[in-house]
Amino acid sequence: MKKISFILTLLVLTSCGSAPKVAQKEVPRYNPNFDYTPQDRSNPRSADITIALLNPVFADKNPNLRVQPYSTFIENMADDFEEMLIAKGFSLRGPFKNRDEMVYGDKKNSDIALEIRISLKDEGNLTLKQQTNWSQMISKNAPNHYKVSGTFYHFGNIIIEATDPFTGEKFWKKTIALPRKEITAKGNKTWTGKPTPRQLMSEDTGVYNPTAKALEEYYQEAIKTAYRHIDVNEMKMIKKEIQKSKQN
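Read left to right, the sequence shown gives residues -10 to 237 (the working numbering).
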């Protein structure tokens, strides 16, 4: 049993079926629509609050989240969170890659810094099914051939924090669960040897495509969830709390 780092367990089975060639049938890569358009719009700057927006990031230090479609998922969020906040009547500075990127003027002219993290976890089984490699009849050193299939699940939270733009002190935090998503993969690629998790996601559309479609749904749900929980009146109270803390 080979455990890969995004919690998916690869089980190796031997197939009686034949795969005389490692001929690859090209399946187009699905292009997920990581885009959000607010349905309602308030008057510009009507909230009388300036928010310094920090780029959304993954909360989990998982190297497999650095490849597509995960990398595109998180990169596109900055622009859409910006559009969502403007639609609610906030004024915006940023988005910034991190707090260190904010200069003095950004901090001074912002009432609240907003930080968004996405915790995305997974569990489940992918099976590596060994295919017949006829060249092994000629040479015992010929490599094994595999195809992958199975079901895994994504689940997690969206974490939103309102902090002091200068000190980073937290004044408000919301952690909202994201629904559990089932992802069924049926690999299109025949592998020579056992692939790594990053290879599976990067090179096998039978794994990439269903994952991209699930993330597409997650994208909409994450921003819509944030839209519901970032309330203008509540942000006004937080603005006052931050101002009051500076007077002490």
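No residue lacks a Cβ here, since even glycine has one placed at the ideal position from N, Cα and C.
Three-state class that DSSP yields for residue i in the structure shown
{"i": "ARG217", "result": "helix"}
{"i": "THR200", "result": "helix"}
{"i": "TYR207", "result": "helix"}
{"i": "LEU52", "result": "In the sequence as presented, Leu is not what sits at residue 52; that position holds Pro. Helix at PRO52."}
{"i": "SER234", "result": "helix"}
{"i": "ARG34", "result": "coil"}
{"i": "ASN22", "result": "coil"}
{"i": "MET226", "result": "helix"}
{"i": "GLY83", "result": "strand"}
{"i": "TRP123", "result": "Below a pLDDT of 50, predicted positions are generally treated as unreliable, and TRP123, at 47, falls in that range; the measurement from the model is reported next regardless. DSSP places TRP123 in helix when its eight states are reduced to three."}
Beta-carbon proximity of residue i to residue j, cut-off 8 Å
{"i": "ILE107", "j": "ILE63", "result": "yes"}
{"i": "ILE172", "j": "PRO199", "result": "yes"}
{"i": "LEU54", "j": "LEU109", "result": "yes"}
{"i": "GLU158", "j": "LYS178", "result": "no"}
{"i": "GLU205", "j": "PHE47", "result": "no"}
{"i": "LEU117", "j": "ILE147", "result": "no"}
{"i": "LYS228", "j": "ASP100", "result": "yes"}
{"i": "ALA102", "j": "ASP153", "result": "yes"}
{"i": "GLY83", "j": "ALA41", "result": "yes"}
{"i": "GLY139", "j": "LEU115", "result": "yes"}
Those residues which DSSP pairs with residue i across a bridge
{"i": "VAL137", "result": "LEU117"}
{"i": "LYS183", "result": "DSSP output for LYS183 lists no bridge partner at all."}
{"i": "ILE172", "result": "PHE141"}
{"i": "ASN146", "result": "SER108, ALA166"}
{"i": "ILE101", "result": "ILE40"}
8 Å contact criterion, which residue i and residue j should meet: CB distance rounded
{"i": "ALA67", "j": "ASN87", "result": "No, ALA67 and ASN87 are not in contact; Cβ-Cβ is about 12 Å, not under 8 Å."}
{"i": "ALA36", "j": "PHE70", "result": "Actually they are not in contact, since the Cβ atoms of ALA36 and PHE70 sit about 15 Å apart, beyond 8 Å."}
{"i": "ALA211", "j": "TYR19", "result": "Between TYR19 and ALA211 the Cβ distance is about 19 Å, and since that is not below 8 Å, they are no contact."}
{"i": "ILE38", "j": "MET224", "result": "5 Å"}
{"i": "TYR207", "j": "HIS143", "result": "7 Å"}
Beta strand (DSSP E) segment containing residue i, residue limits
{"i": "THR61", "result": "Element bounds for THR61: not the beta strand (DSSP E) but the alpha helix (DSSP H), 59 to 76."}
{"i": "GLY94", "result": "Here GLY94 belongs to no beta strand (DSSP E); instead the alpha helix (DSSP H) covers 93 to 97."}
{"i": "ALA41", "result": "39 to 43"}
Residue interval of the alpha helix (DSSP H) (run including residue i)
{"i": "GLU192", "result": "186 to 192"}
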